[in-house]
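In the working numbering, each residue carries its 1-based index in the sequence shown increased by 7. Glycine residues also receive a C-beta, built at the ideal position from the N, C-alpha and C atoms.
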Amino acid sequence: MPAAHVQTACGSFDAAAQDAVYKAIFTRRDVRSHFLPDPIDDVVMARLLMAAHHAPSVGFMQPWNFIIIRDAKRRALVRDLFFAARGQELPHIVEEKQALYRKLKLEGICEAPLNLVVTCDRGRSANSPLGRWHNPEMDLYSTVCAVQNLWLAARAEGIGIGWVSILDRDALKALLAIPEHVVPVAYLCVGRVSEFAARPDLERHGWGNRLPLAELVMSEVFAGEGEQGVKEAVAGLG
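1) Which of the three DSSP states, helix, strand or coil, is assigned to PHE73?
2) Taking ALA160 as the reference, give the member of MET145, LYS30, ALA23 with the closest Cα.
3) Determine the DSSP secondary structure at ASP128, reduced to helix, strand or coil.
4) Distance, Cα to Cα, ASP177 vs VAL124?
5) Checking the sheet assignment: what are the DSSP bridge partners for ASP37?
6) Hey, which unbroken runs of the beta strand (DSSP E) at 3 residues or more fall wholly within the segment 42–122?
7) Identify, in the order they occur along the chain, each residue of the same chain with its Cβ nearer than 7 Å to the Cβ of ALA83, setting aside the five sequence neighbours on each side.
8) Measure the CB-CB distance between VAL171 and GLU114 and report whether it falls below 7 Å.
9) Could you check which residue in LEU56, PHE229, ASP175 has the C-alpha nearest to that of ALA91?
10) By the DSSP assignment, the alpha helix (DSSP H) with CYS196 in it spans what residues?
11) ARG211 by DSSP, collapsed to three states: which one?
12) How many Å lie between PHE42 and ALA153 at the Cα?
13) Would you mind reading off the limits of the alpha helix (DSSP H) that contains SER135?
14) Give me the Cα-Cα distance between ALA193 and VAL151, rounded to the nearest whole angstrom.
15) Tell me whether the beta-carbon of CYS127 lies closer than 7 Å to the beta-carbon of LEU157.
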């Protein structure tokens with residue numbers, strides 16, 4: 008499958024392909040509900056993992072591994088970790104948002120047909136730290152790129168992904184027998200869904216709004232004025 012794409016001529020995509028890429032980006036959602044019980048075909052899952060495996064990685068270190076979790080009892084134990092971590096996080100939420108926080112659906116660990124843990128093996132490029140000598144966290148960033156690749160490929164396949172970040176890392180590592188030098192970067196709920204929301208859940212529920220992009224564009228130095236043409240073009244995109 009990948010080879011067919013690698014051999015295509017370089018240059019821009021045609022309009023239909025461009026539209027498909029942007030559609031995947033703009034309609035991707037962090038899914039917490041609406042999961043269907045339908046199993047994901049192994050061939051489809053393989054395509055998602057292949058997309059993740061072709062993410063950019065500094066020094067071509069490819070630090071990722073993928074733990075697929077289907078067992079209901081194991082997922083129930085992970086959900087227990089989530090509830091414990093959520094209780095620990097609640098007191099640190101600003102008081103005026105605590106009531107909303109309690110109502111939010113923030114995971115689909117047991118509802119999704121499978122869970123996926125994307126890890127970073129921090130020892131994989133120890134003998135050749137190209138790109139990590141001055142920035143040792145680049146292996147973690149590379150792993151996040153793999154997560155994003157998988158997420159966009161999943162959206163193209165009509166599959167929802169939900170990232171569960173409210174988990175105690177050490178407790179999760181112990182439960183999944185993850186070695187000391189390996190970091191669990193993303194715990195993902197994966198499955199087909201009945202719908203993709205028009206807007207992100209946290210935006211729909213009033214937790215926050217998308218920041219105006221033009222206000223985040225700077226010129227030459229941090230907070231530098233300029234790039235008016237780009238800012239006006241951004242405004243034109245709506």
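Let's see:
1) Taking the sequence shown and counting its residues from 1, one reaches residue 73 at position 66. Correct three-state label for PHE73: strand.
2) The residue given as residue 160 occupies position 153 in the sequence shown. Among MET145, LYS30, ALA23, the Cα nearest to that of ALA160 is on LYS30.
3) The residue labelled residue 128 in the question sits at position 121 within the sequence shown. ASP128 falls in the strand class under three-state DSSP.
4) Your numbering for residue 177 matches position 170 in the sequence shown. Your numbering for residue 124 matches position 117 in the sequence shown. Rounded to whole angstroms, ASP177 and VAL124 show a C-alpha spacing of 14 Å.
5) Taking the sequence shown and counting its residues from 1, one reaches residue 37 at position 30. ASP37 pairs with ILE168.
6) Counting only runs of 3+ residues, the beta strand (DSSP E) found wholly inside the segment 42–122 occupies 71–76, in chain order.
7) For this step, residue 83 is matched to residue 76 along the sequence shown. Counting only Cβ-Cβ distances below 7 Å, and skipping sequence neighbours, we find CYS117.
8) In the sequence shown, counting from the first residue as 1, residue 171 sits at position 164. In the sequence shown, counting from the first residue as 1, residue 114 sits at position 107. Their beta carbons are under 7 Å apart, which means VAL171 touches GLU114 by this criterion.
9) Residue numbering aside, residue 91 sits at position 84 when the sequence shown is read from its first letter. Nearest C-alpha to ALA91: ASP175.
10) Your numbering for residue 196 matches position 189 in the sequence shown. Looking at the DSSP string, CYS196 is not in any alpha helix (DSSP H); the run it does join, the beta strand (DSSP E), is 189–199.
11) Taking the first residue of the sequence shown as position 1, residue 211 is located at position 204. Reduced to three states, the DSSP call for ARG211 is helix.
12) Your numbering for residue 42 matches position 35 in the sequence shown. Your numbering for residue 153 matches position 146 in the sequence shown. Counting only the Cα atoms, ALA153 lies some 23 Å from PHE42.
13) Residue mapping note: residue 135 aligns to position 128 of the sequence shown, counting from 1. Where SER135 is concerned, there is no enclosing alpha helix (DSSP H), given that its DSSP letter is neither H nor E.
14) In the sequence shown, counting from the first residue as 1, residue 193 sits at position 186. In the sequence shown, counting from the first residue as 1, residue 151 sits at position 144. Rounded to the nearest angstrom, the two C-alpha atoms are 8 Å apart.
15) Residue mapping note: residue 127 aligns to position 120 of the sequence shown, counting from 1. Residue mapping note: residue 157 aligns to position 150 of the sequence shown, counting from 1. No, the Cβ-Cβ distance between CYS127 and LEU157 is not below 7 Å.
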